[in-house]
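As they're listed, the protein sequences go chains A and B. So the first sequence is residues 1 to 207, counted in the working numbering. So the second sequence is residues 1001 to 1207, counted in the working numbering.
2 protein chains.
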Amino acid sequence: MPRSTTKPDARTKLLDAALAVIRTKGYSASSVDELCSAAGVTKGAFFHHFKNKDALGVAAADYWSEVTGAQFEGAPYHDHDDPLDRLLAYVDYRKALLQGDVPDFTCLVGTMVQETYETAPAIRDACKRSITGHAATLEADIEAAMRERNMTPDWTAKSLALHTQAVIQGAFILAKATGGSEIAAESIDHLRRYIEMLFASTTGKQS
Amino acid sequence: MPRSTTKPDARTKLLDAALAVIRTKGYSASSVDELCSAAGVTKGAFFHHFKNKDALGVAAADYWSEVTGAQFEGAPYHDHDDPLDRLLAYVDYRKALLQGDVPDFTCLVGTMVQETYETAPAIRDACKRSITGHAATLEADIEAAMRERNMTPDWTAKSLALHTQAVIQGAFILAKATGGSEIAAESIDHLRRYIEMLFASTTGKQS
DNA sequence: GACAACATACCGACTGGTCGGTATGTATTT
DNA sequence: AAATACATACCGACCAGTCGGTATGTTGTC
């Protein structure tokens, strides 16, 4: 562990390159040679740090969890007092992230799991951890919003948290198909409207 | 086009094999050799019918549109008299299709577009046609349901139709990540609940 | 603090096999 | 006989992965 701001080592450079290249071309089409040249390291460095290509895939998914986890942890949507406001601000934040080119805002693990779910179980599990782990960060607020309203619905906080991820992942697919983020943004608008209606349909706010 | 029930020609066998293989392994990881052996034809037949691998990708997406288009056209959800009932029955039908192994119920074009949107514009466009074309079959019922209720919402029939596809595509990603269809089914439940609430929030049924 | 012993990080040429694609042949249909 | 529909053999590029090697720590011993 380097004590200060030393230049990134080969492993980190490879992981950063993997995020960019795999998000653009997919996992299978990203060759080890291309990942190395994108990272500015040699093939020897690659196989020094990773047993094989699949091991890099797993590490890239875990790295993605770290990077995005830190990003969302520091995002401003946590600042609201009310749990429902936090949840809605999260959705707004996800919509606001739909900026720039498609490879810049789409999800690494959603892309990778589509290609590897049958052929690389270790990568699939890493992607599963990433998605479900991120969804779990929403559960507490959902539960608090339910409790605030004395709701006993026929759905669970967990299922709603995962549903938000389904909508976002699906929106990314539409963005990739259409070449832009407009339709993806409209789908997130629908998600926001759904959450508003879910929590507005019951009576008042405090018991 | 063969006039009657002759045995399928090499082109059709290749397209059927492409649906199965690509849905399982993704587009890039599906080699021409493997597609040929899965179809029971030789490489010569492949390049007789398709200029290159990308041309097969485009043809497979179009073939997918044909096959699924016929399937949905003949599906029983059209039998309802009320347009909203037809829409909700469509959602129920999509949920009922979540049976068997994951490669059997997931979407070819949703998988392919993730890998090819930046590198193979022709395939991306074919996938876009498939998704938006299918979504368009829902628009008339959505519009009729809106009209029945004199609704003037801040969303369009088209955006809701595409949102259903986003949820379904996202549900497939969750199914691939978790290795089962349970969470995908719950996400479709949330979609159904959203549609019910959207059309229930306004007053009565006939004007 | 000098030095041996070992560990880590990285390099780049090389290998066997697979890739998409081509060239050419042959049987069948029109 | 001419086009269609395949089959067979093959090509060069590229693939993931290997291997011998070097440069630079780190650690233990005296």
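Just so it is clear, CB atoms sit at the ideal spot from N, CA and C, and this is done for glycine as well.
Query                                                                                                                           : Result
Residues of chain A with CB under 8 Å from L1162(B), in chain order?                                                            : L174, I183, E186 and S187
What number of angstroms, rounded off, separates the C-alpha of L191(A) from the C-alpha of T1164(B)?                           : 11 Å
Is the Cβ-Cβ distance between L1015(B) and A1060(B) less than 8 Å?                                                              : yes
Run down chain B in chain order and give the residues with a C-beta less than 9 Å from the C-beta of W155(A).                   : E1186, D1189, H1190 and R1193
By how many angstroms is the C-alpha of Q1099(B) removed from the C-alpha of A1171(B)?                                          : 13 Å
Just reading off the alpha helix (DSSP H) that C1127(B) is part of, what are its end residues?                                  : P1121 to E1148
Please confirm if I1022(B) has its CB atom under 8 Å from at least one CB of chain A.                                           : no
Consider the Cβ of R243(A): report whether some Cβ of chain B lies at a distance smaller than 8 Å.                              : The question about residue 243(A) has no answer, for chain A in this structure spans 1 to 207.
Step through the CB atoms of chain B and report whether any lies within less than 8 Å of the CB of E143(A).                     : no
Kindly indicate if chain B contains any beta-carbon less than 8 Å away from that of E118(A).                                    : yes
Consider the Cβ of G1180(B): report whether some Cβ of chain A lies at a distance smaller than 8 Å.                             : no
Determine the closest residue to T1178(B) out of V109(A), G44(A), Y90(A) and G74(A), with distance taken between C-alpha atoms. : V109(A)
Using CA coordinates, which residue listed in G44(A), G57(A) and K43(A) is at the minimum distance from V220(A)?                : What is shown of chain A runs 1 to 207, which leaves residue 220(A) out entirely.
Beta carbon of I1173(B), beta carbon of Q114(A): below 8 Å?                                                                     : yes
Quick one: give me the first and last residue of the alpha helix (DSSP H) that H1174(B) is part of.                             : Looking at the sequence itself, residue 1174(B) is Leu, so the reference to His does not match. A1157 to T1178 is the span of the alpha helix (DSSP H), which, as asked, contains L1174(B).
Per DSSP, what kind of secondary structure is V1083(B) in: helix, strand or coil?                                               : Before going further, note that residue 1083(B) is Pro rather than Val in the sequence given. Correct three-state label for P1083(B): helix.
Kindly indicate if chain B contains any beta-carbon less than 8 Å away from that of C127(A).                                    : yes
Going along chain A in order, which residues have a C-beta closer than 9 Å to the C-beta of I1168(B)?                           : A166 and G170
Tell me whether E106(A) sits in a helix, a strand or coil according to DSSP, three-state version.                               : A small correction: the amino acid at residue 106(A) is Thr; Glu does not occupy that position in the sequence shown. It is coil, neither helix nor strand.
Going along chain A, which residues have a C-beta under 7 Å from G1110(B)?                                                      : I173
Could you tell me which of S1028(B), D1062(B) and A1140(B) sits nearest to A1157(B), measuring between CA atoms?                : A1140(B)
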